[in-house]
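Enquirer: Using numbering that gives the first Met the number 0, the first residue of the sequence shown is number 0, and each one after it goes up by one.
For every residue, glycine included, the Cβ atom is placed at its ideal position computed from N, Cα and C.
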Amino acid sequence: MTTWKAPRARKEPKELVAHNDVRIDNYYWLNQRENPEVLAYLQSENDFYEKGTGHTKAFQEELFKEMKSRIKEDDASVPYKLDGYWYKTKYEIGNEYPIYSRFRETLDSEEEIMFDGNEMAKGTDYFSLGGIAVSPDNSLAIFGVDTVSRRQYTLQVKNLRTGEIYPEKIENTTGGGVWSNDNKTFYYTKKDPVTLRSDKIYKHILGTPVTDDILVFHEEDDTFSTFVYKTKSKKYIVIGSHSTLTSEFQMLSLESPEEGFKIFAPRERGVEYSIFHFDDSFYILTNKDGATNFKLMKVGENLTNSDYWEEFIPHREDVLLEDVDIFKEYYVLSERENGLNQIKIVRWDGSDAYYLPFSSETYTAHVGNNRDFDTHILRYSYNSLTTPSSVIDFNMATKEETVMKVQEVLGGNFDKDRYVEMRLWAPARDGSKIPISLVHHKDTHLSKDTPLLQYAYGSYGYTIDPYFSTVRLSLLDRGFAYAIAHIRGGEYLGRQWYEDGKLLSKMNTFTDFIDCSKYLIDQHLTSAEHLYAMGGSAGGLLMGVVINMAPELYNGVIASVPFVDVVTTMLDDSIPLTTGEYDEWGNPNELEYYNYMKSYSPYDNVKAQDYPNLYITTGLHDSQVQYFEPAKWVAKLRELKKNDKLLYFDINMEAGHGGASGRFEALREAVKEYAFLLDLEGKIVL
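1. Could you check whether I236 and Y186 sit closer than 8 angstroms to each other, using their CB atoms as the reference points?
2. Where does I695 sit, in a helix, a strand or coil, going by DSSP?
3. Measure the C-alpha to C-alpha separation of E400 and E310 and round it to an integer number of angstroms.
4. So the beta strand (DSSP E) S197 belongs to, where does it begin and stop?
5. Ordered along the chain, which non-local residues of its own chain (more than five positions away) have a Cβ less than 6 angstroms from that of S273?
6. So which of G143, L205, E167 and Y165 has the shortest CA-CA distance to T188?
7. Could you tell me the distance, in whole angstroms, from the CA atom of E664 to the CA atom of H314?
8. Tell me the rounded alpha-carbon separation between E11 and D649.
9. So V390 packs on V419, CB below 8 angstroms; how close in whole Å?
10. Select from H18, K231, V215 and A8 the residue whose C-alpha is nearest the C-alpha of N594.
11. Assess, as a yes-or-no matter, whether the region 289-308 is touched by the region 258-265 under the definition of 3 or more beta carbon pairs within less than 8 angstroms.
12. Would you please state the rounded distance, in angstroms, between the beta carbons of F326 and T374? I believe it to be under 8 angstroms.
13. Rounded to whole angstroms, how far is the Cβ of Y614 from the Cβ of L474, which I believe are closer than 8 angstroms?
14. Considering only residues of the same chain and omitting the five flanking positions on each side of H365, which have a CB-CB separation below 6 angstroms?
15. Quick check on D416: does DSSP put it in helix, strand or coil?
16. In this structure, does DSSP put K640 in helix, strand or coil?
17. Could you please give me the residues that DSSP links to D24 through a beta bridge?
18. Under DSSP, the beta strand (DSSP E) around T153 begins and ends at which residues?
19. Three or more beta-carbon pairs under 8 angstroms between the region 552-559 and the region 211-230, yes or no?
20. Entirely within the region 415-476 and at least 4 residues each: give me those alpha helix (DSSP H) ranges in chain order.
21. Please state the DSSP three-state secondary structure of S358.
22. For I131, does the three-state DSSP call read helix, strand or coil?
23. Can you grab the Cα-Cα spacing for the pair D181 / L205, in whole Å?
24. Could you please give me the residues that DSSP links to S246 through a beta bridge?
25. Taking Cβ positions, are K501 and G488 nearer each other than 8 angstroms?
26. Hey, quick one: how far does the beta strand (DSSP E) through I344 stretch, first residue to last?
27. Here's the rule I'm using: 16 or more other beta-carbon atoms within 10 Å means buried, otherwise exposed. How should P465 be labelled?
28. If we count the other Cβ atoms within 10 Å of its Cβ and call it buried at 16 or more, is H523 buried or exposed?
29. What runs of the alpha helix (DSSP H), each 4 residues or longer, lie entirely inside the region 492-541?
30. Report the option in P561, T230 and F512 whose CA atom is closest to the CA atom of G539.
31. Counting C-beta neighbours from all protein chains within 10 Å, is the total for D136 16 or more, i.e. buried, or is it exposed?
32. Exposed or buried, what is V545 when buried is set at 16 or more other beta-carbons lying within 10 Å of its beta-carbon?
33. List the whole-angstrom C-beta distance separating K505 from Y599, where the pair is believed to meet the contact cut-off of C-beta under 8 angstroms.
34. Whole beta strand (DSSP E) runs in the region 303-328 with 3 or more residues, listed along the chain?
35. My output table needs one value for E85: the three-state DSSP class, helix, strand or coil.
36. Just the Cα atoms here: how many angstroms apart are H620 and F114?
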């Protein structure tokens with residue numbers, strides 16, 4: 000309980016009318032980003048947070064040092080080879096940003112520094128270097144820079160031989176480009192300046208004015224976004240268009256670019272596909288014809304319409320086919336069965352096929368950066384809740400593997416055997432079983448007195464796999480357990496798991512999380528006095544619904560950059576990214592979806608009741624979830640909540656959706672979250 004007065008935003012009622020339904024929004028005025036009164040209110044919230052947590056500042060500094068001490072400062076990626084060069088990303092002691100370098104032919108040759116993020120970031124509060132694309136002759140590189148944190152990148156070109164940065168600047172892009180084979184032409188994606196939707200593909204020729212750039216494609220359907228890339232075979236440049244449920248691709252042959260882009264297969268509502276080129280064929284990963292968990296099809300280069308697709312790997316009810324990687328002699332399938340990652344290696348000639356062996360139930364294994372086409376080496380990564388990440392080179396011919404790098408956990412006292420990982424299955428109210436991945440220190444005896452942080456996301460089919468975190472050790476070593484709830488809305492148990500947690504089934508996402516919490520309490524692994532919940536972005540929406548529906552289950556909740564004003568945002572197609580979300584949440588311009596959204600929208604359902612202790616964050620420049628959503632939510636919570644538990648609103652006035660950009664500055668955000676939890680548990684000790 001604080002002894003000073005919390006900020007109160009003034010009320011200015013605004014009627015919002017849709018479908019003859021009137022909602023009164025008293026805090027709508029907070030969406031005026033440039034209004035001095037709005038900025039003053041946000042600053043008052045920051046001041047309140049700083050005062051309320053002042054007693055934890057010394058601990059936060061110690062916690063920051065602890066987290067930082069585990070991280071190898073002079074770290075580097077495992078180099079990969081492409082077009083005669085080895086590429087590497089490295090960090091140096093005391094620096095926040097990566098340095099990108101390369102070596103010609105062998106790693107023993109002289110290192111060429113391509114980009115030093117630390118030099119480039121000087122004088123900025125935020126810095127992000129976008130996708131670096133090297134020209135086919137290895138002499139030039141496209142790069143993008145964002146210094147605002149709204150994911151609007153300015154593209155430029157650097158001569159890697161002379162160090163010269165060419166004068167032309169292309170504003171408001173997605174941050175990368177794709178070279179044609181002539182080493183002077185490239186394609187890039189621009190964003191709508193208001194909605195930030197990626198909607199146009201342009202062609203630029205070096206040495207010509209940016210104003211003369213040629214519009215190659217305009218995605219006019221505002222529920223779609225577009226992007227451009229080059230196939231691994233280097234034979235085609237591909238333009239993709241995608242919405243939540245539908246895909247379409249166009250291809251340009253680099254052997255005959257004068258023929259222009261041709262549609263691969265016209266978009267069909269509800270049909271998703273992606274394409275991979277090999278030899279004289281394309282391979283298509285698709286859900287066409289009811290292949291909920293996706294299948295792989297094959298078609299020749301000339302007649303690519305879906306009428307000509309032939310089945311290559313059939314659909315399987317119990318296996319989600321997530322991706323395919325293509326090599327000269329092998330193809331590699333990334334699958335998910337019963338929630339677990341599987342990597343299958345198959346020779347094109349059919350003489351061999353096998354899975355990589357994994358034994359744990361709480362691991363993550365992903366195919367890594369495999370840019371080289373003519374190789375027997377497959378690079379993949381592996382980690383688990385207790386096992387630091389490894390980068391492994393696997394020889395697909397000899398089946399020998401070489402561990403190229405193991406994530407170092409510094410500090411001298413880490414031992415994976417000190418931690419226990421497990422997978423649990425919580426019963427949902429409709430009879431489904433919800434998987435939970437859980438980790439704790441072996442000295443922590445799970446009981447009703449155990450503090451436990453339950454995390455989830457649960458939207459867009461995005462799966463939160465069980466992963467290792469050096470930061471998380473600061474909780475585990477202080478007696479916390481940590482659980483990831485694999486709720487519906489993600490794809491942990493296959494595509495249907497996602498379908499059952501979206502649109503008019505979205506409520507399953509929220510009740511799954513609550514049912515997992517009840518299970519953890521019923522099993523005496525924690526209790527409502529010691530259970531905490533956390534989610535960000537769409538996971539912040541989850542937090543907002545959960546505290547409206549079941550606030551009594553949690554002692555504290557962290558909602559990071561939360562999407563909480565669902566109805567108002569989805570009705571406003573001028574807000575960045577709204578229209579592309581209709582297939583995820585529904586279009587509230589239709590009455591059925593409007594009513595359903597309104598039934599769970601956190602902001603619309605705040606009521607006069609007790610709420611848990613709350614720590615809510617946002618970034619003023621957030622392009623994904625606008626700052627005013629959590630700002631309005633906090634104001635309404637302050638107005639209506641009945642108890643005097645903590646409510647902190649922490650606004651990063653310099654950053655956006657991803658928070659701070661520096662490697663170590665980003666740790667300070669985790670420090671704030673953990674300090675909030677540990678303070679509530681009385682575990683702050685200096």
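Expert: According to the structure shown:
1. Here residue 186 refers to the residue found at position 187 when the sequence shown is read from its first residue. Here residue 236 refers to the residue found at position 237 when the sequence shown is read from its first residue. In contact: Y186 and I236 (Cβ atoms closer than 8 angstroms).
2. Only positions 0 to 685 of the chain appear in the structure, and residue 695 is not among them; the question remains open.
3. As a working mapping, residue 400 is identified with position 401 in the sequence shown. As a working mapping, residue 310 is identified with position 311 in the sequence shown. Distance between the alpha carbons of E400 and E310: 32 angstroms.
4. The residue labelled residue 197 in the question sits at position 198 within the sequence shown. Here the beta strand (DSSP E) through S197 covers S197 to I204.
5. Locating residue 273 in the sequence shown gives position 274, counting from the first residue. Answer for S273: L284, listed in chain order.
6. Position 189 of the sequence shown, counting from 1, holds the residue named residue 188. Of the candidates G143, L205, E167 and Y165, the one whose C-alpha sits nearest the C-alpha of T188 is G143.
7. For this step, residue 664 is matched to residue 665 along the sequence shown. For this step, residue 314 is matched to residue 315 along the sequence shown. Cα-Cα distance, rounded: 45 angstroms.
8. Taking the sequence shown and counting its residues from 1, one reaches residue 11 at position 12. Taking the sequence shown and counting its residues from 1, one reaches residue 649 at position 650. Rounded to whole angstroms, E11 to D649 spans 23 angstroms at the Cα level.
9. Reading the sequence shown from its first residue, position 391 is the one you call residue 390. Reading the sequence shown from its first residue, position 420 is the one you call residue 419. Incorrect: roughly 25 angstroms between the Cβ atoms, too far for contact.
10. Counted from its first residue, the sequence shown places residue 594 at position 595. That would be H18, whose Cα lies nearest to the Cα of N594.
11. yes
12. The sequence position of residue 326 within the sequence shown is 327, counting from 1. The sequence position of residue 374 within the sequence shown is 375, counting from 1. The Cβ separation is near 6 angstroms, so the contact holds.
13. Residue mapping note: residue 614 aligns to position 615 of the sequence shown, counting from 1. Residue mapping note: residue 474 aligns to position 475 of the sequence shown, counting from 1. Rounded, the Cβ-Cβ distance is 15 angstroms, inconsistent with contact.
14. Numbered from 1 along the sequence shown, position 366 holds the residue referred to as residue 365. Result list for H365: S380, in chain order.
15. Taking the sequence shown and counting its residues from 1, one reaches residue 416 at position 417. Here D416 sits in helix by DSSP.
16. Along the sequence shown, one-based indexing puts residue 640 at 641. Coil, per DSSP.
17. Counted from its first residue, the sequence shown places residue 24 at position 25. D24 pairs with K13.
18. Indexing the sequence shown from 1 puts residue 153 at position 154. Element bounds for T153: Y152 to N158.
19. no
20. Entirely contained in the region 415-476, the alpha helix (DSSP H) runs reaching 4 residues are, in chain order, 472-475.
21. As a first step, residue 358 must be located in the sequence shown, where it is residue number 359. Coil.
22. The residue labelled residue 131 in the question sits at position 132 within the sequence shown. Correct three-state label for I131: coil.
23. Position 182 of the sequence shown, counting from 1, holds the residue named residue 181. Position 206 of the sequence shown, counting from 1, holds the residue named residue 205. Answer to the nearest angstrom: the Cα atoms are 11 angstroms apart.
24. Sequence index remark: in the sequence shown, residue 246 carries index 247 (1-based). Partner(s): H241.
25. One-based indexing of the sequence shown puts residue 501 at position 502. One-based indexing of the sequence shown puts residue 488 at position 489. Yes, the Cβ-Cβ distance between K501 and G488 is below 8 angstroms.
26. Taking the sequence shown and counting its residues from 1, the one referred to as residue 344 is at position 345. L339 to R346 is the span of the beta strand (DSSP E), which, as asked, contains I344.
27. The count along the sequence shown starts at 1 and reaches residue 465 at position 466. Classification of P465: buried, given that the 10 Å Cβ count is 16 or more.
28. Within the sequence shown, numbered from 1, the residue matching residue 523 stands at position 524. Burial call: exposed.
29. 494-498 and 506-521
30. Taking the sequence shown and counting its residues from 1, one reaches residue 539 at position 540. Looking at the Cα atoms, P561 is the closest of the given residues.
31. The residue labelled residue 136 in the question sits at position 137 within the sequence shown. The residue is exposed, with fewer than 16 neighbouring Cβ atoms inside 10 Å.
32. Position 546 of the sequence shown holds residue 545. With 16 or more other Cβ atoms within 10 Å, it is buried.
33. Indexing the sequence shown from 1 puts residue 505 at position 506. Indexing the sequence shown from 1 puts residue 599 at position 600. Contact flag correct, Cβ pair sits at about 7 angstroms.
34. You should have 309-312 and 318-325.
35. Taking the first residue of the sequence shown as position 1, residue 85 is located at position 86. In the sequence under discussion, the amino acid at residue 85 is Trp, which differs from the Glu named in the question. In this structure, W85 counts as strand in the three-state DSSP scheme.
36. Here residue 620 refers to the residue found at position 621 of the sequence shown. Here residue 114 refers to the residue found at position 115 of the sequence shown. Using only the alpha carbons, I get a separation of about 26 angstroms.
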